[in-house]
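Participant: Got a structure here, written out as structure tokens. Questions coming.
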Amino acid sequence: MHGLGRDDRVILLTSPMTSMRICWLNGEFVAEDSAKISIFDRGVLFGDGIYEVAAVVNGRLLDADLHLVRLTRSLAAVGIAMVQSAAAWLEIMQTLATRNGIVEGLVYLQVTRGVAEREFPFPANVPPTMFAYARPKALTNDPNAVGVRAHVVPDLRWARRDIKSTSLLAQVLAKQAARAAGAFEAIMHDEGIVTEGGSSTIWIVQHGTLVTRPLSNDILAGITRDVTLQLAAALKRPVVERAFTLDEALDAEECFLTSATSLVLPITQIDDRNIGSGQPGPVTAALRDAYIARAIELTTAPVLAVSA
Ligand SMILES: Cc1ncc(COP(=O)(O)O)c(C=O)c1O
270 MHGLGRDDRV
280 ILLTSPMTSM
290 RICWLNGEFV
300 AEDSAKISIF
310 DRGVLFGDGI
320 YEVAAVVNGR
330 LLDADLHLVR
340 LTRSLAAVGI
350 AMVQSAAAWL
360 EIMQTLATRN
370 GIVEGLVYLQ
380 VTRGVAEREF
390 PFPANVPPTM
400 FAYARPKALT
410 NDPNAVGVRA
420 HVVPDLRWAR
430 RDIKSTSLLA
440 QVLAKQAARA
450 AGAFEAIMHD
460 EGIVTEGGSS
470 TIWIVQHGTL
480 VTRPLSNDIL
490 AGITRDVTLQ
500 LAAALKRPVV
510 ERAFTLDEAL
520 DAEECFLTSA
530 TSLVLPITQI
540 DDRNIGSGQP
550 GPVTAALRDA
560 YIARAIELTT
570 APVLAVSA
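Given below as structure tokens:
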């Protein structure tokens, strides 16, 4: 993969998938149109499930091990069994990326509490439903890197936002409201205090210092957030983990979002207000560059052979 330049990747990314996508469902790789689940699946009936999304760069998974640690935590928090090891998941995820020819994109996986008659309490002795798929997406050459607009909405979610649950109706409504307002992302708030983006972590830069909300049950522990904190430390950029208000975001020098499939993206407008100059700021740009450099380094490093 060393030979691929950024422009080559764009061409690969934009070329249509020529054959039907291969997905993975309950232990088998199957064509997309045969990947079917029951109407009695609790994921369908109750949104009773957990999911993860990991990036693919240079045809290889990025930080998928960290996503699987979070999967284990989310499943444990809602009492769904982790019936296959992280190593087995990693192999499935990488196989999906490879077999579907994904150079840049993502792998999505979901585990539900399984199929049972519709009763709210947990069914006994029901195996979880597990599935995964991959799709292409421009990550290192994301056209949104020029800066995106965000739209402010109230946070209507439940009190365990640290669990990556498939019950996402509040985020569906938030992101639809953002789209209707011509924005890329929703910024959700609780009584004027920013919680997070519809599907991202929100950051501001104030007097050169990065500010993002501390981990708690109020937000998802973003994997990209964690890596960005490490990159900020390496760049010797001061960071404060504290809650901040919408007004602080509007008055910030810079604002940006992080997520596995957006990496680091500048938010240059919140509703009708420009943030800073209305252009991506230097701190955001440096972090995005560092994120991409790290992603390329990790996904082009030789794979260590495991001796038997
Ligand atoms: C609500 C929410 N917060 C934050 C994130 C970012 O998490 P990550 O960096 O692990 O993708 C996501 C990702 O989907 C999300 O849905």
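For what it's worth, the working numbering labels the leading residue of the sequence shown as 270, then goes sequentially.
Where a beta carbon is used, it is the ideal one built from N, C-alpha and C, also for glycine.
The structure presented is a predicted model; accordingly, all values stated were derived computationally and were not measured.
Could you check what DSSP says for His420 in three-state terms: helix, strand or coil?
Facilitator: strand
Participant: Apart from the five residues just before and just after Arg563, which ones in its own chain have a Cβ nearer than 8 Å to its Cβ?
Facilitator: Val496, Leu500
Participant: Can you have a look at His476 and say buried or exposed, based on whether 16 or more other CB atoms are within 10 angstroms of its CB?
Facilitator: exposed
Participant: Does at least one heavy atom of ligand 1 sit under 6 Å from the Cβ of Ala216?
Facilitator: The shown model of the chain, from 270 to 577, leaves out residue 216, and the question about it has no answer.
Participant: Find out if the Cβ-Cβ distance for the pair Val338, Ala366 is shorter than 7 Å.
Facilitator: no
Participant: As a quick exercise: from Ala323, Asp540, Thr398, pick the residue whose alpha carbon is nearest that of Ile371.
Facilitator: Ranked by how close their Cα comes to the Cα of Ile371, the residues Ala323, Asp540, Thr398 have Ala323 in first place.
Participant: Have a look at Met399, Arg404, Arg368, Pro392 and flag the residue whose alpha-carbon is nearest the alpha-carbon of Val376.
Facilitator: Arg404
Participant: Would Trp472 be called buried (16 or more neighbouring beta carbons within 10 Å of its own) or exposed?
Facilitator: buried
Participant: Please work out which residues of its chain come closer than 7 Å, Cβ to Cβ, to Met289, disregarding the five sequence neighbours upstream and downstream, and give them in chain order.
Facilitator: Counting only residues of its own chain and dropping the five nearest sequence neighbours on each side, Met289 has a CB closer than 7 Å to the CB of Ala300, Glu301, Asp302.
Participant: By alpha-carbon positions, which one of Phe298, Pro397, Ile306, Ile308 ends up nearest to Leu361?
Facilitator: Reading off the sequence, residue 361 comes out as Ile, not Leu. The closest CA to that of Ile361, considering only Phe298, Pro397, Ile306, Ile308, is found on Phe298.
Participant: Is the beta carbon of Gly381 less than 7 Å from the beta carbon of Gly466?
Facilitator: For clarity, residue 381 is Thr in the given sequence; the question names Gly instead. No.
Participant: What do you reckon, are the CB atoms on Leu526 and Ile536 nearer than 7 Å?
Facilitator: yes
Participant: So for Gly374, helix, strand or coil by DSSP?
Facilitator: Under the three-state reduction of DSSP output, Gly374 falls in the strand class.
Participant: Which value, in whole angstroms, describes the spacing of the CA atoms of Ser434 and Glu373?
Facilitator: One C-alpha to the other measures close to 25 Å.
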